[in-house]
Amino acid sequence: MTPAERIGAMRQGGAAASRMLAAPLIRAGVALALVIAVGIIFHADGAFFKVATHRDAFRQGSVFGILACGMTVVVISGGIDLAVGSILALVAVSFSVMSIWWQWPAGAAVVASLAVGTACGVISGGLVAKLRLQPFIATLAMMVFARGLAKTFSGGTKVSTAIPRPGGSFDYAQIPEVFRWIDSRTLGGNVSMVTMIFAVTLLVSWIALERHRWGRELYAIGGNEEAARLSGVPVGLSKTLAYAFCGLTAAVAALCQAAQEQQGDPEAGAGYELTAIAIVVVGGTTLTGARGGIGFTLIGTITIGYLDKILSINAVPEASRLMLTGAIIVGAVLAQRRGRT
Amino acid sequence: MISKPVVVAVMLFMIGCGKQSSSEGPRKFTVGMSQCNLGEPWRVQMNADIKAAAEKHPELNLVFKDAQNDTLKQRAHVEEFVSAGVDALIISPKESQPLTEPVAKAYQGKIPVIVLDRAVQGDQFTCFIGADNRAIGRAAGEWIKNKLGGKGNVVELKGLMTSTPAQDRHAGFREGIERSELKVIFEADMKWLEPDARKEMDSALARFDKIDAVYAHNDPGAHGAYLAARAAGREKQMLFVGIDALPHEGVAYVNQGILNATFQYPTGGGEAVDAVLKILKGETVPKNITLSSRSFTPENSGAK
Chain A
0 MTPAERIGAM RQGGAAASRM LAAPLIRAGV ALALVIAVGI IFHADGAFFK
50 VATHRDAFRQ GSVFGILACG MTVVVISGGI DLAVGSILAL VAVSFSVMSI
100 WWQWPAGAAV VASLAVGTAC GVISGGLVAK LRLQPFIATL AMMVFARGLA
150 KTFSGGTKVS TAIPRPGGSF DYAQIPEVFR WIDSRTLGGN VSMVTMIFAV
200 TLLVSWIALE RHRWGRELYA IGGNEEAARL SGVPVGLSKT LAYAFCGLTA
250 AVAALCQAAQ EQQGDPEAGA GYELTAIAIV VVGGTTLTGA RGGIGFTLIG
300 TITIGYLDKI LSINAVPEAS RLMLTGAIIV GAVLAQRRGR T
Chain H
0 MISKPVVVAV MLFMIGCGKQ SSSEGPRKFT VGMSQCNLGE PWRVQMNADI
50 KAAAEKHPEL NLVFKDAQND TLKQRAHVEE FVSAGVDALI ISPKESQPLT
100 EPVAKAYQGK IPVIVLDRAV QGDQFTCFIG ADNRAIGRAA GEWIKNKLGG
150 KGNVVELKGL MTSTPAQDRH AGFREGIERS ELKVIFEADM KWLEPDARKE
200 MDSALARFDK IDAVYAHNDP GAHGAYLAAR AAGREKQMLF VGIDALPHEG
250 VAYVNQGILN ATFQYPTGGG EAVDAVLKIL KGETVPKNIT LSSRSFTPEN
300 SGAK
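So the protein sequences, as listed, match chains A and H.
At position 35 of the first sequence (counting the first as 1) the number is 34 in numbering that gives the first Met the number 0, and the numbers step up by one without a gap.
At position 24 of the second sequence (counting the first as 1) the number is 23 in numbering that gives the first Met the number 0, and the numbers step up by one without a gap.
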């Protein structure tokens, strides 16, 4: 055997063993397994083995997971959406104003709230697709604008069940039924409703990306926008719809946030866009577009969610949490990259 | 071409008119209020308190500026007030060091300066009004100690521990529960944020079967803890105590039966307007005014 042949044979042998590991989804699963192993070792007096811990980990991760679904769709098209945290605040405030102050029926409040979020997304998408602003700039502008709108709409305070009256006194309203319903549990008390909403969002996003023409178009745009345009993909429309979908998922997350806080906080969601992006990236979707999918985002959500939970039950100080989270994001992404050479 | 004397005459006439119109009726005083960040509900309340107090005095004309949590913007606001020649300045500074000099310049320019909540360095201001976070934390600790008979497991949900209010509310609380059998079994930094408080409380509930009281450094934190306990069906087993007692937050939660107690962190807005009025009348005010705090519990706030 010549040296070259020997190397070739070695490569083949190694490939058989590492072919499994090379599959991106398996790679993403490895990061998750590592985090869970950490939880099993640092179980905080057995708290990690209680059902409630896992139910709560999923509940707490759900809002971020829902945001990450929309983010994945935008990222696959080669864009990014920085506005999701602010849109979340705007919709949480709108939903609370409609449900608590105006006493709208649940259905009307939900539909109108989702429309608010979608409209924000359509505007971001229009700026990107029609006016050719860079996604970073367009959504940065929407991020500050929506935050301002949320503060204006709420009068600068939290919209809660204590309704201010002129003269400084308060009327106390009941917590709307729809809030109670979203913050309830189902399946024998084992799964939070917000986790079910996350599951539905995942399913819808998966169908859109994997089983629908629009999703294939987004992958094409993310890969090579000019080539997609030349082969007849309606680039502008598809991209606008991606941001609109992201706005819609931000609105869904906002309903969950408002229901769990029992109020609409104009300051809510600050920094959530970064967590959503971290989830997308840790899962294995690349920020340059065209690579990844919703399955990765599910794994990313669970990884980040469990990491957060494990640090919390062990009462790890804030400073260490931040450093550990940073280190684990880098580790997970490096594992991803090695998986697809 | 208009000659110089004519211009001077016209200007003199205008100045004369200005003087005349201002001498009619009682003199109006302009008071500048520089707020560091209206993103916080407590500071919104401070401005509301100042506005409510000033409305009773038609001779006061208040101008509000919000620095949006930007030190340099607040510095510019102080300088703008000085160059506009306000009759008095109220400032709630974002930070001590960078605002010390602008405040001192205003003070040296004979503008009375009332500093609210956070102090500036040195003594180049007219009057400082603030509350004592340490004393409030101590009062909360003593209240829990008495309520539980000096024995039990406590969860402490802390504010952002790099900020002085959180450090003082923490230290005061520990002083308040000294020499008792109260144990802090779980403590976490919830950064003043309700969703974080709920998350940390979930962890505390998962880890400990017996929790007797939750002490949170602000009312949203205590509310978040209550929601976590309620979801676990354990909200009746423990006391929930918060700080700040804003009318639409803590006091409302006590009235709704969510919190067992909240300790007021007064804004000092009304007191600041009182001090301004005294100074403008030529009276002297103390250099330091420490605001007293009160507690709100279902027993004493139910009437409101």
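Think of the CB as a built atom: it goes at the ideal place given N, C-alpha and C, for glycine as much as any other residue.
The structure presented is a predicted model; accordingly, all values stated were derived computationally and were not measured.
Q255/H and Y171/A have their C-alpha atoms roughly 8 Å apart. Taken in chain order, the complete alpha helix (DSSP H) segments of 4 or more residues contained in the segment 16 to 102 of chain A are 23 to 40, 50 to 75, 83 to 95. Around the CB of A137/A, 16 or more other CB atoms lie within 10 Å, so the residue is classed as buried. Leaving aside the five residues that flank R184/A on each side, the residues in its chain whose CB is nearer than 7 Å to its CB run, in chain order, V190, S191, M192.
Listed along chain A, the residues sitting closer than 7 Å to G38/H by beta-carbon distance are E266. Residue-level contact check: Y171/A touches chain H, since one or more beta carbons of chain H fall below 8 Å from its beta carbon. Per DSSP, reduced to three states, the secondary structure at I181/A is helical. Contiguous alpha helix (DSSP H) elements confined to the segment 102 to 148 of chain H occur at 132 to 146, taking only those with 4 or more residues.
For the pair K150/H and G325/A, the Cα-to-Cα distance works out to about 40 Å. Interface annotation, S76/A: not in contact with chain H, CB-CB separation never under 8 Å. Between T261/H and V272/H, the C-beta gap is not smaller than 8 Å, which leaves the two residues out of contact. CA-CA distance, K190/H to R215/A, rounds to 42 Å. Residue environment: H247/H is assigned as buried (16 or more neighbouring CB atoms within 10 Å of its CB, all protein chains considered). The residues K157, G158, L159, H216, in chain order, have a CB closer than 7 Å to that of A165/H in the same chain once the five nearest residues on each side in sequence are set aside. By the beta-carbon neighbour count (other beta carbons within 10 angstroms, threshold 16), K64/H is buried. At a cut-off of 4 residues, the continuous stretches assigned as alpha helix (DSSP H) that sit fully inside the segment 128 to 177 of chain A are 134 to 153.
Per DSSP, the unbroken beta strand (DSSP E) holding T29/H starts and ends at 28 to 34. In its chain, beyond the 5 residues on either side, F57, R58, S61 have a beta carbon closer than 7 Å to the beta carbon of T194/A.
In this structure, the CA atom of A83/H is about 12 Å from the CA atom of G108/H. Not one beta carbon of chain H lies nearer than 8 Å to the beta carbon of G246/A. Setting aside the 5 residues that flank it on each side, I293/A is surrounded in the same chain by C68, T71, L201, S204, W205, L208, each with a C-beta closer than 7 Å to its C-beta; the list follows chain order. Take A87/H, set aside five residues on each side of it, and the residues of its chain with a beta-carbon closer than 6 Å to its own are V30, P111, V275, in chain order. A residue is called buried when at least 16 other Cβ atoms come within 10 angstroms of its Cβ; E270/H meets this threshold and is buried. The secondary-structure analysis by DSSP pairs N287/H across a beta bridge with F127/H.
In the DSSP assignment, V240/H is bridged to Y214/H, A260/H. In this structure, L98/H is the residue among F28/H, I49/H, L98/H with its C-alpha nearest to the C-alpha of A66/H. DSSP places F207/H in no beta strand (DSSP E); its state is neither H nor E. Under the three-state reduction of DSSP, S91/H is assigned to strand. Annotation: A32/A has no Cβ neighbours in chain H at a cutoff of 8 Å; minimum Cβ distance is about 22 Å. The segment 127 to 137 of chain A makes no contact with the segment 261 to 270 of chain A, as fewer than three CB pairs between them are under 8 Å.
In terms of beta-carbon proximity, F172/H stays away from the interface with chain A, with every pair separated by 8 Å or more. Note: G263/A is bridge-paired with V158/A in the DSSP secondary-structure output. Looking at the backbone, the Cα of V177/A and that of W213/A are separated by about 32 Å. Sequence-distant Cβ neighbours of S95/A in its own chain, meaning closer than 7 Å and more than five residues away, are V158, A257, Q262, G263.
Put simply, the CB of D44/A is near chain H, with a gap under 8 Å to one of its CB atoms.
Cβ neighbours of L24/A within its own chain (closer than 8 Å, five residues either side excluded): G283, G294, F295, I298.
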